[in-house]
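Chains as they are written, first to last, in this note's numbering: chain A, 1 to 218; chain B, 1001 to 1010.
First up is the structure itself, then whatever we jot down about it.
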Amino acid sequence: MNPFRIAADLSHLASILILLRTIQTTNCIDGVSLKTQVLYVLVFVSRYLDLLTLHWISLYNTLMKVFFISSSIYIVVLLQRAKVSNAVAYKEMILKDSFKIGYLLGGSAVLALLFNERFTFIDVAWSFSVWLESIAILPQLFMLSKSGKAQSLTIHYIFALGLYRALYIPNWIWRWLVENKNFQKLAFVTGVIQTLLYSDFFYIYYKKVIKGGGVSLP
Amino acid sequence: SNTAPVHDEL
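Below, the structure written as structure tokens:
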């Protein structure tokens, strides 16, 4: 594994741990989008179906996949628990979390049927997961734009996620140039789309927050 | 091709 890939995976891990630990220790869910978190469960479950085929890549690979699936489910469980333990914040979250995810799911399904490496269930599911991941952050960004100001939890979380996506791009170039691996067009295209979404967010964040004021997205 | 694509990335 190259340095970009390791750094990317670590920041992905960090983003999840930031979210998990904060919700767990403070019971604070302010500014978190339940819809984005549910989408990530779907992303990981549909992507890592190869765990069932027992196609072994490495211990690292398997452990990370199991961690991503289980932690994403656990985050949704924690958010659901807030329904009882932090009812006011939960109601506010549901109210603000009003992005229509049907379009994201439908769009990803259509794109997966059109663009995939092979027309098998596992490969179409993999393609669905990369398309869905590229846009899964939209409900979260939408929520942020509606609330007008961002919690430090959300900012740290989105920042770590954005860093992970950005680092995958030099990783792919490294793989292609240095490791002579096949260039995976689908992963690259969806990865670039995703990184552009984040960079748009950071651009606005920089303009509005660093230079004073709240966060609002177009 | 008939061989399954290998996704060694996460």
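Built from N, CA and C at the ideal position, the CB exists for glycine as well.
Because the structure is a prediction, the values reported are computed rather than measured.
For residue j and residue i, the rounded distance between their alpha carbons
i, j, result
"Ser108(A)", "Leu161(A)", "20 Å"
"Pro1005(B)", "Met1(A)", "18 Å"
"Thr1003(B)", "Ser85(A)", "50 Å"
"His156(A)", "Ser15(A)", "7 Å"
"Ile137(A)", "Leu153(A)", "15 Å"
"Val76(A)", "Leu113(A)", "28 Å"
"Trp56(A)", "Thr62(A)", "8 Å"
"Lys83(A)", "Tyr90(A)", "5 Å"
"Asp123(A)", "Leu186(A)", "11 Å"
"Thr53(A)", "Ile204(A)", "43 Å"
From the options, residue whose alpha carbon lies closest to that of residue i
i, options, result
"Ser33(A)", "Phe4(A), Gln80(A), Asp50(A)", "Gln80(A)"
"Leu147(A)", "Ala125(A), Glu133(A), Ile94(A)", "A small fix is needed here, since residue 147(A) is Ser in this sequence, not Leu. Minimum Cα distance to Ser147(A) is reached at Ile94(A)."
"Glu92(A)", "Ile135(A), Asp30(A), Leu163(A), Phe44(A)", "Asp30(A)"
"Gln140(A)", "Ser127(A), Lys100(A), Asn116(A)", "Lys100(A)"
"Phe115(A)", "Tyr168(A), Thr190(A), Leu196(A), Ile18(A)", "Thr190(A)"
"Val41(A)", "Arg165(A), Leu132(A), Ile169(A), Leu196(A)", "Leu132(A)"
Assigned secondary structure, residue i (DSSP; H/G/I helix, E/B strand, else coil)
i, result
"Gln80(A)", "helix"
"Thr190(A)", "helix"
"Ser1001(B)", "Confidence at Ser1001(B) is low in this model, with a pLDDT of 48, below 50, so its placement is unreliable and the value that follows should be read with caution. Looking at Ser1001(B) - three-state DSSP - the assignment turns out to be coil, as it is neither helix nor strand."
"Glu117(A)", "coil"
"Gly31(A)", "coil"
"Val45(A)", "helix"
Listed in chain order, which residues of the stretch 20-43 of chain A have Cβ atoms closer than 7 Å to some Cβ of chain B?
-> none
Residues of the stretch 107-132 of chain A with a CB closer than 9 Å to any CB of chain B: list them in chain order, please.
-> Glu117, Arg118, Thr120, Ile122, Asp123, Trp126
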